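Q: Have a look at the structure that comes next, please.
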Amino acid sequence: EGTLIAQGPMSRDSNGIRAIDNVDHSRHVATLHDSFFHNGPHGRHMAMVFGMLGCNLLSVIKAFNYRGIPIPAVKRMIKGVCKGLDFLHRRCQIIHTDLKPEPWYSA
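Residue numbers for the sequence shown, in this note's numbering: 241 to 347.
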């Protein structure tokens with residue numbers, strides 16, 4: 241990483257990266273511990289092993305009888321999702337292509 245040249249959110253380091261872009265949002269992303277392939281009756285599938293996570297978003301939606309989740313809770317969840325996606329994009333060069341309620345987990 242480069243050395244910070246000036247102070248402030250719009251300052252850049254010696255590599256030209258804005259200071260605000262160096263925020264680490266990795267705690268908003270699940271850690272992949274292992275992966276393997278499984279051959280089953282419907283073909284070969286990759287299985288991924290993650291640490292224990294909270295309940296998924298679909299479970300939360302169901303818990304509120306599909307009538308909506310309170311706005312403060314939605315704001316917290318979406319903020320975490322956005323930070324996780326930002327980390328994947330900026331730091332890992334990964335674009336998440338499976339944005340639906342089932343794979344999202346609340347902390």
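The C-beta atom is built at its ideal place from N, Cα and C for all residues, glycine as well.
Being a predicted model, the structure only gives us computed values, none of them experimental.
Helix, strand or coil for Arg330? Go by DSSP, reduced to three states.
A: helix
Q: With DSSP run on the structure shown, which of helix, strand or coil describes Arg307?
A: Here Arg307 sits in coil by DSSP.
Q: Here's the rule: buried if 16 or more other CB atoms are within 10 angstroms of the residue's CB, otherwise exposed. What is Leu297?
A: buried
Q: What did DSSP end up calling His278 once you bin it into helix, strand or coil?
A: In the structure shown, His278 sits in a strand (DSSP, three-state: E or B).
Q: With a threshold of 8 Å, are at least 3 pairs of Cβ atoms found where one atom belongs to the stretch 271-278 and the other to the stretch 325-335?
A: Contact fails between the stretch 271-278 and the stretch 325-335, because fewer than three Cβ pairs, one in each stretch, are under 8 Å apart.
Q: Between which two residues does the beta strand (DSSP E) carrying Val269 extend?
A: Careful: Val269 lies outside any beta strand (DSSP E) and carries neither H nor E.
Q: Can you give me the start and stop residues for the beta strand (DSSP E) that His285 sits inside?
A: Gly283 to Phe290
Q: If contacts are defined as beta-carbon pairs under 8 Å, then Met288 and Phe277 qualify, I think. What distance do you get, rounded to the angstrom?
A: Rounded, the Cβ-Cβ distance is 11 Å, inconsistent with contact.
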